[in-house]
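Colleague: The structure is given below, and queries will be raised subsequently.
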Amino acid sequence: MTQLTFAPPPPNTEVTEKLRAEVRAFLDVELAHMTPRQRAQSWSGRDPAFSKKMAERGWLGMTWPKKYGGHERSALERYVVLEEMLAAGAPVGAHWIADRQSAPSILRFGTEEQKQFFVPKIARGELFFCIGMSEPDSGSDLAATRTRATAVEGGFKVNGTKVWTSGAHVAHYMILFCRTDAKSDDRHGGVSQFIVDMKTPGIKISPIVDLSHEHHFNEVVFEDMFLPTSALLGNQGDGWKQVTGELAYERSGPDRFLSTFTLLIEGFAMLGEGVDDRAKIALGRIIAHLMTLRRMSRSIAGMLQRGEDPAVHAAIVKELGTSLEQEMVEVLRLIVDAEPDSASSNPYVAVLAHTIMHAPSFSLRGGTREILRGMIARGLGLR
Amino acid sequence: MSETTDLIRDMAEKLFGDACEKPVLAAAENGEFQSALWQEITDAGLAGALLPESAGGSDLAIEDALAALRISASRAAPVPLAETMLAGWLAGSALAVPEGPLAIAPASNGPPLTLKKSSAGWRLEGKAKRVPFARNAAAILVLAESDGANMVARVDPKICTLTQGRNLAMEPRDDVTFDCDLDAGDVAPAGNNVNLETLRAFGAAMRANQIAGALSRALEITLQYANERVQFGKPIAKFQAIQHNLAMLAAHSAAANAAADMAAEAAANGMKLLPIAAAKARCGEAASIGAGIAHQTHGAIGFTREHMLHYITKRLWSWRDEFGKESDWSLVIGRAAAKAGPTRIWSDIVTA
Chain Y
43 MTQLTFAPPP PNTEVTEKLR AEVRAFLDVE LAHMTPRQRA QSWSGRDPAF
93 SKKMAERGWL GMTWPKKYGG HERSALERYV VLEEMLAAGA PVGAHWIADR
143 QSAPSILRFG TEEQKQFFVP KIARGELFFC IGMSEPDSGS DLAATRTRAT
193 AVEGGFKVNG TKVWTSGAHV AHYMILFCRT DAKSDDRHGG VSQFIVDMKT
243 PGIKISPIVD LSHEHHFNEV VFEDMFLPTS ALLGNQGDGW KQVTGELAYE
293 RSGPDRFLST FTLLIEGFAM LGEGVDDRAK IALGRIIAHL MTLRRMSRSI
343 AGMLQRGEDP AVHAAIVKEL GTSLEQEMVE VLRLIVDAEP DSASSNPYVA
393 VLAHTIMHAP SFSLRGGTRE ILRGMIARGL GLR
Chain B
2 MSETTDLIRD MAEKLFGDAC EKPVLAAAEN GEFQSALWQE ITDAGLAGAL
52 LPESAGGSDL AIEDALAALR ISASRAAPVP LAETMLAGWL AGSALAVPEG
102 PLAIAPASNG PPLTLKKSSA GWRLEGKAKR VPFARNAAAI LVLAESDGAN
152 MVARVDPKIC TLTQGRNLAM EPRDDVTFDC DLDAGDVAPA GNNVNLETLR
202 AFGAAMRANQ IAGALSRALE ITLQYANERV QFGKPIAKFQ AIQHNLAMLA
252 AHSAAANAAA DMAAEAAANG MKLLPIAAAK ARCGEAASIG AGIAHQTHGA
302 IGFTREHMLH YITKRLWSWR DEFGKESDWS LVIGRAAAKA GPTRIWSDIV
352 TA
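Residue numbers (my numbering), protein chains in the order written: chain Y, 43 to 425; chain B, 2 to 353.
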């Protein structure tokens, strides 16, 4: 029978719950100054000083080898820290990508020198990463990438353009996905990954302002940028295989259903004690979904711990999770009597405005809804 | 997962896979109780799954019992396995139960059933709506109130007034009027943590598991059909629009199964209310979406009596409403959250 089942997640232990208490005590102090509107930024909110404090607590690089500055804790312990950060609206954006996927990729595919150079600095909250995947003519169709690294004496010369690169203007490094060899019959061949210092000559970063007038993503143009051979991550030509592994990390976490949690809290707060049964039903339903998604996502943490490949499971969690996040906006709109306004001093009204204007991105970033459904269909053996 | 769990699952897959062919399901829809199937279930120790060994039961772990129930539902087994398990839990070691299918009451909300001491023993009064398989039961296990205390009574349906009804899947759902005298030995105090709330919650956990099983099966037969049915020169499973629908069916089936696991754990862990409430609400929603996609993919053939699909989907449409529909359980969660206040929502999700 072709079924995609989620094994029971690893149980909470004394260790995880002690850790949870520590994280909550930390957040009570560190986030005391943040408004709901700031918390609603979720993992798009950046605060390098906060990232550093997390690193000091040992909450970056939690599962990585101690040898590279990691803490050799379990995937479930890492999960506890992530979900507590997200539920509280902590500004984890600065280190988020580096901790979630860049360092894990370097640990999997990097050379010994790369591991020793990058990973400890990421674990200390000193190096932040961005992801160079999308291009003007290569969005969901990642294999259509045109940015090209051409072999030259001592390394590669890179030309091309990346777009929608979140945090390129503040990141120290990018993991660049680009073509190194001519297209062959294998659509997925001939692509590679590089670790790129964002200060390398030949990089031009321009802001792309989003519809809410915020600057998160960028256009990144490479003009005859030279990369030494040592910048190559993994084997030349293995880029596709490497990047699909990376995407599973990007899709399975609590960031795919908790990024609008502040809206739920503020909605409840706005309704106050006068909340009627209709509203309770609507909000209770959302909590039921969150509880189920949390279980599924924790189950994936267990798969990661066991070294299993969670790509299709991750696609399910992201698709169901982001759909719920988008629906949450619509549910709250109909039960709370308020019109959205980003400038409002009413926390719910401001958070609602923020969330409405960011919701379209939930089912785009990290793989569109349509791509994810295709991946699930492949998991069912349909393609 | 323990070895016992694997053994029980394998046994249940075999038993229900072989025994629930279409003629059995069709005969059940025509109102014939499937005694041969029931005998197999009894012989396998599943009917007495939640009865203590001292009472002749097999005293399975609740998770294992619900795993077997989920498999029975994937085959649309037209018998009161969930209800007999629930009756075993109600009876516990306090009351002996007769062999044969059992029913429980109340199975839905309503004024409580009452027990009063009488000269002969006890007098039971009240009405219970839509009691599953009451007409077929060797006994109805009744949870009733007596001076504020929870009591369990063992009642022969022959001394009750039954008004026959059925759910969409043609499973018996009979209104039962109790107005009867019982012997002293037919009544006992309810066990620890057995009350109207936990009975309804356990029923909901059972229906959540049944929905999960039925959705898995709906996915299986829908995938098979989409791979076989050719239109426009290729199997319809090759069309992207169909693939995306099937992906969503698989996603909701996976979510329902995860939620059902959550309910089973909560039932085993002192009948914790919130995870069961969340599971029944989530499974009910998945049932609606999943049944819709299954039918849409099958086209007209899936809409016929001849086809297998309706035995599954009519159960999904029935079970989502039984022991509390999505809105009932969402309200339970929403009330708890409103009472705790917005700052507690997260910590309550984590500890639920």
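Beta carbons are placed, not taken as given, at the ideal position from N, Cα and C, and that holds for glycine.
1) For B:Ile302, count neighbouring Cβ atoms within 10 angstroms of its own Cβ and tell me buried if that reaches 16, exposed if not.
2) Just verifying my parser: in three-state terms, what is the DSSP assignment at Y:Val251?
3) Starting from Y:Gly174, trace the beta strand (DSSP E) both ways and give me its first and last residue.
4) Helix, strand or coil for Y:Phe299? Go by DSSP, reduced to three states.
5) So if DSSP puts B:Arg124 in a beta bridge, which residue, or which two residues, is it bridged to?
6) Taking the straight line between their C-alpha atoms, what separation do you get for Y:Gly197 and Y:Thr189?
7) Could you check how far apart the C-beta atoms of B:Gly214 and B:Ile72 are, in whole angstroms? I think they sit under 8 Å.
8) Rounded to whole angstroms, what is the Cα-Cα separation between Y:Ile164 and Y:Ile139?
9) Quick one: grab the DSSP three-state call for Y:His257.
10) List the endpoints of the continuous alpha helix (DSSP H) containing Y:Arg190.
11) Would you report the Cα separation of B:Asp7 and B:Glu14, rounded to the nearest angstrom?
12) What residue from Y:Ser405, Y:Ala380 and Y:Arg120 has the CA that sits closest to Y:Leu313's CA?
13) Would you mind reading off the limits of the alpha helix (DSSP H) that contains B:Cys21?
14) Taking DSSP's pairing of strands, which residues face B:Val143 in a bridge?
15) What ranges does the alpha helix (DSSP H) occupy inside the stretch 52-84 of chain Y, keeping only unbroken runs of at least 4 residues that lie completely in it?
16) Between the stretch 364-379 of chain Y and the stretch 316-335 of chain B, are three or more C-beta pairs nearer than 8 Å?
17) What separation, rounded to the nearest whole angstrom, lies between the Cα atoms of B:Gln232 and B:Ala242?
18) Cβ atoms of Y:Gly209 and Y:Val161: under 9 Å apart, would you say?
19) When the Cα of Y:Val205 is compared with those of Y:Val194, Y:His214, Y:Ser182 and Y:Lys225, which residue comes out closest?
20) What residue range does the beta strand (DSSP E) around Y:Cys220 cover?
21) Measuring straight from C-alpha to C-alpha, what distance separates Y:Gly316 and Y:Glu72?
22) With B:Val153 and B:Phe179 assumed to form a contact (beta carbons below 8 Å), what rounded beta-carbon distance in angstroms separates them?
23) Once DSSP output is grouped into helix, strand and coil, what is the label at B:Gly293?
24) Specify whether the stretch 289-304 of chain B and the stretch 282-295 of chain Y touch according to this definition: at least 3 beta carbon pairs, one from each stretch, less than 8 Å apart.
25) Where do the N-terminal and C-terminal ends of the beta strand (DSSP E) with Y:Leu394 fall, by residue?
26) Going along the chain, which residues of the stretch 297-322 of chain B sit with their C-beta nearer than 8 Å to a C-beta in chain Y?
27) Express the C-alpha separation of Y:Leu335 and Y:Gly244 in angstroms, rounding to a whole number.
28) Assuming B:Leu144 and B:Gly127 form a contact by the criterion Cβ under 8 Å, report the distance between their Cβ atoms to the nearest whole angstrom.
29) Determine the DSSP secondary structure at B:Ala353, reduced to helix, strand or coil.
30) If you count every other CB in all the chains shown that lies within 10 Å of the CB of B:Ala78, and 16 or more means buried, which is it?
31) Mind checking whether B:Cys21 and B:Leu47 have CB atoms under 9 Å apart?
32) Between which two residues does the beta strand (DSSP E) carrying Y:Gly152 extend?
33) From this set, Y:Thr47, Y:Ala97 and Y:Leu118, which residue's C-alpha is nearest Y:Val57's C-alpha?
34) If distances are taken between C-alpha atoms only, which option among Y:Glu350, Y:His230 and Y:Glu265 comes closest to Y:Lys246?
35) Counting only beta-carbon atoms, is Y:Met43 nearer than 9 Å to chain B?
36) Nearest by alpha-carbon distance to B:Ile290: which of B:Met263, B:Leu310, B:Leu216 and B:His299 is it?
Modeller: Inspection of the coordinates gives the following:
1) exposed
2) strand
3) Phe171 to Gly174
4) coil
5) B:Lys117 and B:Asp182
6) 16 Å
7) 6 Å
8) 10 Å
9) strand
10) Not the alpha helix (DSSP H): Y:Arg190 falls in the beta strand (DSSP E), residues Arg190 to Val194.
11) 10 Å
12) Y:Ala380
13) Here B:Cys21 belongs to no alpha helix (DSSP H), and DSSP marks it neither H nor E.
14) B:Ala106 and B:Ala154
15) 56-72 and 78-81
16) no
17) 13 Å
18) no
19) Y:Ser182
20) Tyr215 to Arg221
21) 31 Å
22) No, B:Val153 and B:Phe179 are not in contact; Cβ-Cβ is about 13 Å, not under 8 Å.
23) helix
24) no
25) Unbroken run through Y:Leu394 is the alpha helix (DSSP H), Pro389 to Phe404; no beta strand (DSSP E).
26) none
27) 44 Å
28) So it is not a contact: roughly 11 Å between Cβ atoms.
29) coil
30) buried
31) no
32) Run containing Y:Gly152: none; DSSP gives neither H nor E here.
33) Y:Leu118
34) Y:Glu265
35) Low confidence applies here, because Y:Met43 scores a pLDDT of 41, under 50, leaving its location unreliable and the question unanswered by this model.
36) B:Leu216
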